[in-house]
Structure formats: C-alpha cells, structure tokens
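Visitor:
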Amino acid sequence: MQEELKKIEAEALSELQAVANSADLEELRIKYFGRKGRLSTVMRGMGKLSAAERPVIGKLANEVRGNLTTAFEEVGEKLARQERENQLAMEAIDITLPGRRPQLGVKHPITQTLERIQQIFRGMGFHVADGPEIEHEYYNFDALNTPADHPARDLQDTLYITDEVLLRTHTSPVQVRFMEKHAPPVRIIVPGKAYRHDYDVSHTPTFHQVEGLLVDYHVTFSELKGVLHSFARQMFGDQTDMRFRPHFFPFTEPSAEVDISCTVCSGSGCRTCSGSGWLEILGAGAVDPNVFEYANYNPDEVTGFAFGMGVERIASIRYGIPDIRALYENDLRFLRQF
0 MQEELKKIEA EALSELQAVA NSADLEELRI KYFGRKGRLS TVMRGMGKLS
50 AAERPVIGKL ANEVRGNLTT AFEEVGEKLA RQERENQLAM EAIDITLPGR
100 RPQLGVKHPI TQTLERIQQI FRGMGFHVAD GPEIEHEYYN FDALNTPADH
150 PARDLQDTLY ITDEVLLRTH TSPVQVRFME KHAPPVRIIV PGKAYRHDYD
200 VSHTPTFHQV EGLLVDYHVT FSELKGVLHS FARQMFGDQT DMRFRPHFFP
250 FTEPSAEVDI SCTVCSGSGC RTCSGSGWLE ILGAGAVDPN VFEYANYNPD
300 EVTGFAFGMG VERIASIRYG IPDIRALYEN DLRFLRQF
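All residue numbers for the sequence shown refer to numbering that gives the first Met the number 0, where the first residue is 0 and numbers rise by one.
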C-alpha cells in the first residue's frame with residue numbers, strides 16, 4: 000500500500016503539469032479525490048490493515064493527501080489568475096478606435112402630429128377629453144343620431160364584441176358622454192384610437208382620430224369656419240386655402256367635408272391631389288338638434304359645431320407620406336426620417 004500511495008502521488012503530480020484549464024483541473028481532482036477516486040479508494044482499504052501497519056500507512060496517506068491538496072490549490076490559483084488575465088485581454092477596449100454614436104429614438108410621426116394638433120386647439124381654448132375605446136352602441140350610434148339601419152352599423156364596417164358592445168368606430172361618442180356630465184359652454188377635443196374594417200393605402204383597421212366639439216349660446220357656422228381655418232393655417236402654413244363642400248353626417252346638420260389647398264402643388268394640380276388642387280382633411284358641421292336631446296341639452300337654447308379628423312391623414316399630408324400603411328410597418332429607415 001505504501002508503494003501504491005507513492006505511485007498515486009507521482010502520477011497525480013505528473014498529470015497536474017499537463018492541466019491547461021480549470022475544467023481539466025476539476026476532472027483530475029475528481030479522478031484522485033472523488034468518492035470513487037484513486038486516493039479515496041486506497042484510504043478506504045486501510046481498515047483491512049493490521050494494527051501495526053495502520054499508523055504507518057495512515058501517516059503516509061495523510062502526507063500524500065496534504066501534498067496533493069497543496070499542489071492542486073497552487074495549480075488552481077495559477078489557472079484562475081491566467082484565465083482572469085485572458086478574459087481581461089479579450090474585453091480590453093482600444094481607446095484609439097473611433098467612438099460609436101448611440102442610436103437616439105424620436106417620437107413617431109403620429110405622436111408628433113397628435114401633439115401638434117392638441118397644441119393648436121389648446122391655444123384656441125379647447126380642453127382635451129377622453130372616453131372608452133370599448134363602447135356601447137348607444138353612444139357610438141344611437142345618441143349620435145345614427146339609425147339602426149345605417150350602413151355604418153353593419154359588420155363589414157364595425158368590429159362588434161357582443162350585439163351591443165363594440166370597438167368604437169370614431170371618437171365622437173365622447174361628445175355625448177361629456178355633455179351628459181357638463182353643462183354648456185363646452186369646448187373640447189377628443190384625441191384617441193378608433194377601429195374599423197379597413198385596410199388600404201389610405202385606411203388601417205386601427206387609426207387615430209381627433210374629435211372636436213364646441214357648444215354654447217348663439218354659436219354660428221361662421222365660427223366653425225374660423226376655427227378650422229386657423230387650425231389649417233397653423234398646421235400646414237399661412238399660405239393654406241380652405242374650402243367647404245356640402246356633405247352628410249348623421250350627427251351634424253348642415254354638414255361639410257373640408258379641403259385644403261394641396262401642400263405639394265399649392266392648388267395648381269398634381270398627382271398627389273389627383274389634379275384637383277385640393278386635399279380632404281376632415282369632416283365637420285353644426286351639431287344636430289337630436290344629438291342635444293340625447294345629451295339632455297335644450298336645442299332651442301344652445302347651438303354648436305363638431306368636427307373630426309384622421310390623424311394618419313393629417314400626418315400623411317404634413318410629411319408627404321404616399322401610403323398610410325408605412326406608419327405601422329416599423330421600418331426604421333422610414334421612421335428615422337422624422
């Protein structure tokens with residue numbers, strides 16, 4: 000057993016010289032010191048020795064274990080130090096290399112446009128109101144004077160959750176909700192998301208809309224024109240012209256589509272405006288008396304006007320974006336331009 004112990008010590012020390020990394024060292028440690036290791040196996044056999052041999056072999060075994068333990072620790076420290084140095088060398092920074100500029104994010108063009116719209120109308124005394132995106136059909140249709148047989152209530156346009164609950168198709172329901180809780184005068188804008196079955200170069204299923212409402216005593220259609228004309232000039236420039244075309248909306252009477260002079264050709268006619276010289280930006284009109292009755296306002300005492308615009312439409316005109324879907328494709332090459 001003495002010869003076996005000395006042989007184990009010699010072989011272990013020899014193998015230690017060839018260890019190249021911590022993983023190899025751990026393998027070697029298990030080989031000699033593990034539960035089934037060579038040194039552990041020999042020491043378990045000491046119980047079979049005679050009383051006279053046991054002290055001698057025990058002393059030698061402890062010396063061999065001590066020597067090997069010290070040798071393993073020294074090699075382990077050396078390897079750990081070397082591995083740290085290698086890691087630091089790999090992670091070293093060459094300060095002579097040119098610096099890397101951090102990529103800074105910018106606000107999405109829809110966000111920029113929304114903020115500009117709110118800034119303009121706040122400057123004219125409007126307050127920002129909000130309402131639920133999951134809406135009851137009463138507020139989305141009935142209270143806005145939209146009859147049950149109106150095409151807008153069909154499934155191909157409206158996203159229904161139940162027979163009476165839906166994703167709002169415009170931000171106009173907030174008109175009635177706000178009037179139910181506030182007496183006139185009312186002067187609000189309602190920015191937010193709306194949802195419809197639409198997807199093409201000028202429509203998306205989810206879109207942003209800003210609804211406007213002004214209700215007071217003796218409000219005239221001329222004041223509506225003045226507010227929208229001021230908005231158009233501030234949004235698109237002082238050279239912007241505007242025109243109103245007769246239209247129909249269930250919740251306004253009279254109603255109008257509002258156009259501005261083309262921002263590309265200044266009204267002379269081009270591909271963007273299909274040669275007409277005009278671009279549609281929003282719909283507007285005088286609040287229908289029936290809507291006042293739903294909100295418990297007396298239509299004989301108050302008048303008002305409402306308007307609604309698609310933010311994506313305004314952003315497309317403002318930035319010259321030909322396809323509205325580009326706003327939702329998350330293409331960094333596109334978004335970095337803003």
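Glycine included, C-beta positions come from ideal geometry on N, C-alpha and C.
Just to confirm, is the Cβ distance from Met367 to Val257 under 8 Å?
Guide: The structure shown does not extend to residue 367, since the chain is modelled only from 0 through 337, so no value can be given for it.
Visitor: Please determine if the stretch 107-117 and the stretch 314-324 are in contact, where contact requires at least 3 C-beta pairs separated by less than 8 Å.
Guide: Contact holds: three or more Cβ-Cβ distances are below 8 Å.
Visitor: Helix, strand or coil for Gln208, going by three-state DSSP, please let me know.
Guide: Of the three classes helix, strand and coil, the one that applies to Gln208 here is strand, per DSSP.
Visitor: DSSP has Met241 in a bridge; who is on the other side?
Guide: Looking at the DSSP assignment, Met241 forms a beta bridge with Ile259.
Visitor: By Cβ distance below 7 Å, which residues in the same chain neighbour Glu252 in space, the five residues on each side in sequence not counted?
Guide: Taken in chain order, the residues that qualify are Gly284, Ala285, Asp287.
Visitor: Here's the rule I'm using: 16 or more other beta-carbon atoms within 10 Å means buried, otherwise exposed. How should Met178 be labelled?
Guide: Flag for Met178 reads buried.
Visitor: Of all the options Gly282, Gly274, Thr219, which has the alpha carbon lying nearest to the alpha carbon of Phe243?
Guide: Per the Cα distances, Gly282.
Visitor: Pro249 and Leu143: beta carbons closer than 8 Å?
Guide: Their beta carbons are under 8 Å apart, which means Pro249 touches Leu143 by this criterion.
Visitor: When burial is assigned at 16 or more other CB atoms within 10 Å of the CB, is Ala9 buried or exposed?
Guide: Exposed.
Visitor: Rank Phe125, Gly225, Pro204 by C-alpha distance to the C-alpha of Ile187 and give the top, closest one.
Guide: Ranking Phe125, Gly225, Pro204 by Cα distance to Ile187 puts Phe125 first.
Visitor: In angstroms with no decimal places, state the Cα-to-Cα distance between Glu62 and Glu90.
Guide: Each residue's alpha carbon lies about 42 Å from the other.
Visitor: If we require 4 or more residues per run, which alpha helix (DSSP H) segments fall completely within the stretch 22-80?
Guide: List check, alpha helix (DSSP H) in window: 37-43.
Visitor: Output needed for Ser13: all residues of its chain with C-beta closer than 7 Å, excluding positions within five of it in sequence on either side, in chain order.
Guide: No residues qualify anywhere along the chain.
Visitor: So who's on the other strand from Ser254, going by DSSP bridges?
Guide: Ser254 pairs with His246, Gly284.
Visitor: Check the DSSP bridge columns for Phe304 and list the partner residues they point to.
Guide: Answer is Leu213, Ala285, bridged to Phe304.
Visitor: DSSP state of His149, grouped into three classes?
Guide: DSSP places His149 in coil when its eight states are reduced to three.
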